[in-house]
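Numbering (my numbering), first residue to last: 38 to 463. Cβ coordinates follow ideal geometry from the N, Cα and C atoms, glycine included. Following: one structure in structure tokens, then a few remarks.
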């Protein structure tokens, strides 16, 4: 096994934490594991994510690669085999030491571990499995662990790792098989989907076992996720959200992450030239649409179509859908079903539940909606209270769009106004 490296531990950490910054599949843990007074750490749902949890806390985890050595030559990847970059590799013992020491100092709340492919997928997965096994069994770590499953690795190792990790993920990489064939010829859609299906089936079996045996070990209790690179190939937004919808329905994924393409290799023959930087606004719209599909019961075919394949850069997908379906509005707040309320711009899941609960006790007025968290500057064009609108409104698309843009000023920021940098331990 390739375990030797000449760099110091701090040097390896600097190289391999920087190499991990393009993998965005860090997410809430979605699982509970309390400390027992003997072992180190605990994991509280929604607990761990790379930036902010659902309750608003800013939290962090140690996000690193096992190694940036890679036998593959994916054209979009900084760690591709043909790139002349500084390489490093951690031993399992070194990652355990880093995780425990950072956790004791309250720098992190868990570990996100991915890797380049060293020698073969199976060898790489063995190294990652040995790392999390040591961390759980020898170091007694009970915090959050997000582990990448390596496509093409021995299924038995993936299964064994699933009993040690809270979440596992397999990166889809690119939305279509054609894009994958063009930019990552060493990978195939079939090889990537195989471990996804394996994890899904094992999770389903494990749920049945837990119903019979309460103390049975849990397999990937926080579920699995994936990541797609956006903008490296020519797929429209409609194709991308259709793929995501299919993954949610057929593979039971918890999250699909969208990563705006960053042209780190400047390979103009194969990759698009992004003079304006990563397509961050497009990434933002895809996340908004993804949220609508997961929590608001929208379908991809409702948000976009073959005739209108890309999102409006000036209006969020929910507002854009509403102004295109004015025949369904205005909605009467005091009578509309919960599912109908969810489709009103400015009304979210929490505020819709509050409306349904509050109207059992009396009639709701506009001043009540504001207290319930409804964003009236968007909702007022689409709702009535007791048959009346908040202000006189013309139910015309141009009129409503113009007023929504005046209220929100939802236009893309200039490139120079945005600055991003990765969290660093140095």
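Nearest to residue 344 by C-alpha distance, out of 409, 325, 275, is 275. Using a 10 angstroms sphere on the CB of residue 215, the tally of other CB atoms stays under 16, which defines it as exposed. With respect to the 9 Å criterion, residue 109 and residue 269 are not classified as neighbours on the basis of their beta carbons. Counting of Cβ neighbours within 10 angstroms places residue 151 among the buried residues, the total reaching 16 or more.
Taking C-beta separations shorter than 7 Å and ignoring five residues to either side along the sequence, the partners of residue 400 in its chain run 371, 423, following chain order.
When 425, 391, 166 are compared, the shortest CA-CA separation from residue 191 is found for 166.
Proximity of the region 336-350 to the region 388-402 falls short of the contact definition, fewer than three beta-carbon pairs being nearer than 8 Å.
The three-state reading of DSSP puts residue 401 in coil, since its state is none of H, G, I, E or B.
For residue 334, DSSP records no beta bridge to any residue. Only residues of its own chain outside the window of five on either side were considered, and among them 201 have a CB closer than 6 Å to the CB of residue 173, listed in chain order. Residue 153 counts as buried, since no fewer than 16 other beta carbons sit within 10 angstroms of its beta carbon. For a cut-off of 8 Å, the C-beta gap from residue 363 to residue 432 is around 5 Å, short enough to register as a contact.
From the listed residues 118, 149, 127, 123, the smallest Cα separation to residue 98 is found for 149.
Straight-line spacing of the CA atoms in residue 224 and residue 211 works out to 11 Å.
For the options 230, 255, 353, the alpha carbon positioned closest to that of residue 328 is the one of 353. Within its own chain, the residues whose Cβ lies closer than 8 Å to the Cβ of residue 413, once the five positions on either side in sequence are excluded, are 383, 403, 406, 407, 427, listed in chain order. When the Cα atoms are used, residue 230 and residue 419 turn out to be separated by approximately 42 Å. Note on the region 190-269: whole beta strand (DSSP E) runs with a minimum of 3 residues are 204-206, 261-267, in chain order.
Inter-residue distance for residue 140 and residue 177 is about 12 Å (C-alpha atoms, whole angstroms).
With a cutoff of 9 Å on beta-carbon distance, residue 300 and residue 114 are scored as not near each other. A Cβ-Cβ separation of about 23 Å leaves residue 206 out of contact with residue 128 under the 8 Å criterion. A residue is called buried once 16 or more other Cβ atoms fall within 10 Å of its Cβ, and residue 256 is buried on that count.
About 11 Å separates the beta carbon of residue 297 from that of residue 322, a gap too long to meet the 8 Å contact definition.
Residue state for residue 126 is assigned as strand, using DSSP reduced to three classes. Residue pairing from DSSP places residue 147 in a beta bridge opposite 181. Residue 252 counts as exposed, since fewer than 16 other C-beta atoms from the protein chains shown sit within 10 angstroms of its C-beta. By alpha-carbon distance to residue 107, the top candidate from 283, 125, 101 is 125. Between residue 307 and residue 171, the CB-CB gap reaches or exceeds 9 Å. Boundaries of the beta strand (DSSP E) around residue 100: 99-102. Judged by DSSP secondary structure, residue 279 falls within the alpha helix (DSSP H) whose first and last residues are 274-288. Between residue 430 and residue 442, the CB-CB gap reaches or exceeds 9 Å. Around the CB of residue 309, fewer than 16 other CB atoms lie within 10 Å, so the residue is classed as exposed.
Shown here, residue 296 sits in a strand according to DSSP, grouped into three states.
Leaving aside the five residues that flank residue 273 on each side, the residues in its chain whose CB is nearer than 6 Å to its CB run, in chain order, 346, 347.
Apart from the 5 residues on each side of it in sequence, residue 285 sits with its Cβ closer than 8 Å to the Cβ of 293, 330, 331 in its chain, given in chain order.
Between residue 437 and residue 360 the beta-carbon gap is near 5 Å, inside 8 Å, which marks them as a contact.
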